[in-house]
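Whatever position you read off the sequence shown (first residue = 1), add 9 for the working numbering. Quick reminder that beta carbons are idealized off the backbone N, C-alpha and C, glycines included. What follows is a short report on a single structure.
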Amino acid sequence: MARGKATRKEIRQLIVKWVQKGKSFRTRGQEFNLPKFTVADIVTKYGKTASMEVAGKSTVRRPKVTPRMHRALVTICKSGRKDTVRNLTVKWNEVTNAHLSR
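Right, here's the structure in full:
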């Protein structure tokens with residue numbers, strides 16, 4: 010298999026079934042033209058999760074503002090109701106060590 014491509018589900022099922030019967034990773038890998046480490050990873054994942062599914066890629070962007078930073082911002086906003094955005098930004102940068110502009 011090419012690097013980065015998922016192994017087909019049928020092949021995964023056969024690998025797990027044959028390894029459970031006592032066949033080695035190396036012989037199963039040679040049969041399907043897969044590295045023994047790939048075979049070992051498939052069997053290990055099946056042992057942990059009992060699943061044949063391929064883990065998908067996470068495309069979620071991590072938020073810039075963490076929950077802790079958000080709590081700090083709420084606290085700052087509640088402390089001085091008449092502060093300007095510029096003053097709030099300065100206070101927030103001091104508390105969180107994040108260098109953000111308004």
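By a C-beta neighbour count over all protein chains shown, 10 Å radius and 16 as the cutoff for buried, is residue i buried or exposed?
i	result
Ala11	Model confidence at Ala11 stands at a pLDDT of 48, short of 50, so the residue's coordinates are unreliable; what they give is reported in the following sentence. Looking at its Cβ environment, which holds fewer than 16 other Cβ atoms inside 10 Å, Ala11 is exposed.
Val83	exposed
Arg21	buried
Val25	buried
Val6	No information on residue 6 is available, as it lies outside the stretch 10 to 111 that the chain covers here.
Val28	buried
Since residue i contacts residue j with CB under 8 Å, what's their CB separation in whole angstroms?
i	j	result
Thr170	Thr16	Any answer about residue 170 is impossible in this case: the structure gives the chain only from 10 up to 111.
Could you spell out where the alpha helix (DSSP H) holding residue i opens and where it closes?
i	result
Ala81	Pro76 to Ser88
Arg35	Phe34 to Phe41
According to DSSP, simplified to helix, strand and coil, what is residue i?
i	result
Arg95	helix
Leu23	helix
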